[in-house]
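Engineer: Pasting a structure below so you can have a look.
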Amino acid sequence: MKKLLGRYKYAVLLAALTLGMILAAPSREKPTLVFAVIPAEDAGRAHAQFTPMVEHLSQEIGIEVELLTVADYAAAVEALKYGHADFARFGPFTYVMAVEEAGAEIIATAVKASSGAASYTSMIITRADRDITSLEGASFAYVDVGSTSGYLAPHTYIVEAGIRLGEVFFAGSHNAVIEAVKNGTVDAGAVASNRYYVALDEGVLAEGEVVVVWESDPIPNAPIAVRQGMDPALKAKILSAFLSAPQEVVEAMGIGETGYVSAADSDYDVIRRMQAIQE
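First residue of the sequence shown? That's -3 in this note's numbering, and the numbers climb one at a time after it.
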């Protein structure tokens, strides 16, 4: 666990230096609210996809909301910590880190289109024609050290199973892992189930092109969390805005979600247990 947290905190520091976030946080009395997200693909596409949601949030909250796309999981934590964002969409593992590093306060979690549940799974996929019967010695692509389904959950499985992988890569995104497996760049890779199903729906993957060789137990979905110390009335308005988001607005984000439900910090204790296994 110390090694894992050390790598994560190094990434956090690097993100802070890169983004210039070491400066003191700006005043919280702002005429706009900033919503930070980690794009599934390029930032330009994310802005187009999230525009309906940003417009909905602005209308329901009564304050203009601006979208901030950040490069990676560590940068999302830093954005909240140093006042560059008022609320953010985190991965489950990143949320736990945001609580520890920035005092983030959870308000809601997403409902997945594929299951209709407030949970998803991590998958390890391989090309169907590779006929891989064991991951022992296989080249492998993770997403990012801050990713739950793209690192923490599959790495927990690999550690517990005593599997010794071959060469390991961090692809940077779920889509990049899918492409690496599809193109044969790696033998196997870890992805979120919703990103896998989106790839199938959009034709990025053909049916039967890859196979799922392992799937995790349910993982709580990506949460929405606000900055520490936010006025309770504003926090309640932001929660209400997410809960009332029309399905078509949520689906337009292109991340396999259909809506939001209220959430509690204890929902993510399963993530903390995964961390403990890797100590």
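Virtual Cβ for every residue (Gly too), placed ideally from N, Cα, C.
For R126, name the three-state secondary structure that DSSP assigns.
Structural biologist: Three-state DSSP puts R126 in a helix.
Engineer: Just to confirm my understanding: we take A20, look at its own chain, exclude 5 residues before and 5 after, and list those with CB closer than 6 Å. What are they?
Structural biologist: Any answer about A20 is weak, because its pLDDT of 35 lies below 50 and its placement is not dependable; what the coordinates show is given next. The answer is none, since no qualifying residue turns up.
Engineer: Could you pull out every unbroken beta strand (DSSP E) segment of at least 3 residues lying fully inside the segment 108 to 196, listed in chain order?
Structural biologist: Listed in chain order, they are 118 to 123, 136 to 138, 164 to 166 and 184 to 188.
Engineer: What is the DSSP secondary structure of I220, reduced to helix, strand or coil?
Structural biologist: Looking at I220 - three-state DSSP - the assignment turns out to be strand.
Engineer: Between the C-alpha atoms of I120 and G58, what's the straight-line distance to the nearest angstrom?
Structural biologist: Cα to Cα, I120 sits roughly 43 Å from G58.
Engineer: Please report how far the alpha carbon of A184 lies from the alpha carbon of F136, in whole angstroms.
Structural biologist: A184 and F136: Cα-Cα distance of roughly 5 Å.
Engineer: Which residues share a DSSP beta bridge with T65?
Structural biologist: For T65, which the question treats as bridged, DSSP gives the partners V33.
Engineer: Classify P228: buried if its beta carbon has 16 or more other beta carbons within 10 angstroms, exposed otherwise.
Structural biologist: Under this definition P228 is an exposed residue.
Engineer: Could you tell me which residues DSSP puts in a beta bridge with V207?
Structural biologist: Answer by DSSP bridge pairing, in chain order: T122.
Engineer: Check this for me: beta carbons of T105 and I234, under 9 Å apart or not?
Structural biologist: No.
Engineer: Compare the Cα-Cα distances from G146 to each of W210, A114, S111 and G225 and report the closest residue.
Structural biologist: Minimum Cα distance to G146 is reached at W210.
Engineer: Would you identify the three-state DSSP class for T28, choosing helix, strand or coil?
Structural biologist: Here T28 sits in strand by DSSP.
Engineer: Considering only residues of the same chain and omitting the five flanking positions on each side of V200, which have a CB-CB separation below 7 Å?
Structural biologist: I174.
Engineer: For Y78, which residues does DSSP report across the bridge?
Structural biologist: Looking at the DSSP assignment, Y78 forms no beta bridge with any residue, so it has no partner.
Engineer: Can you give me the start and stop residues for the beta strand (DSSP E) that G255 sits inside?
Structural biologist: That run of the beta strand (DSSP E) goes E253 to S258.
Engineer: Counting along the chain, where does the beta strand (DSSP E) carrying A232 start and finish?
Structural biologist: It is not in any beta strand (DSSP E) - A232 instead sits in the alpha helix (DSSP H) that spans P228 to L239.
Engineer: Buried or exposed for T90, going by 16 or more other Cβ atoms inside 10 Å?
Structural biologist: Buried, because 16 or more other Cβ atoms sit within 10 Å of the Cβ of T90.
Engineer: Pick out whichever of S118, G112, G255 and A70 has its Cα sitting closest to the Cα of E96.
Structural biologist: Taking only the C-alpha atoms, the option nearest E96 is A70.
Engineer: Hey, quick one: how far does the beta strand (DSSP E) through V84 stretch, first residue to last?
Structural biologist: As written in the sequence, residue 84 is Ala, which differs from the Val given in the question. Its beta strand (DSSP E) spans residues F83 to R85.
Engineer: What residues in its chain sit with their C-beta under 7 Å from that of Y193, if we drop five residues either side in the sequence?
Structural biologist: The answer, listed in chain order, is S110 and G252.
Engineer: Can you give me the start and stop residues for the alpha helix (DSSP H) that I57 sits inside?
Structural biologist: First-last of the alpha helix (DSSP H) with I57: A39 to I57.
Engineer: Which residues does DSSP list as the beta-bridge partners of T105?
Structural biologist: Note: T105 sits in a beta bridge opposite P219 and V257.
Engineer: So, do the segment 268 to 275 and the segment 66 to 86 have three or more beta carbon pairs nearer to each other than 8 Å?
Structural biologist: With a cut-off of 8 Å, the segment 66 to 86 and the segment 268 to 275 do not count as touching, because too few Cβ pairs lie within range.
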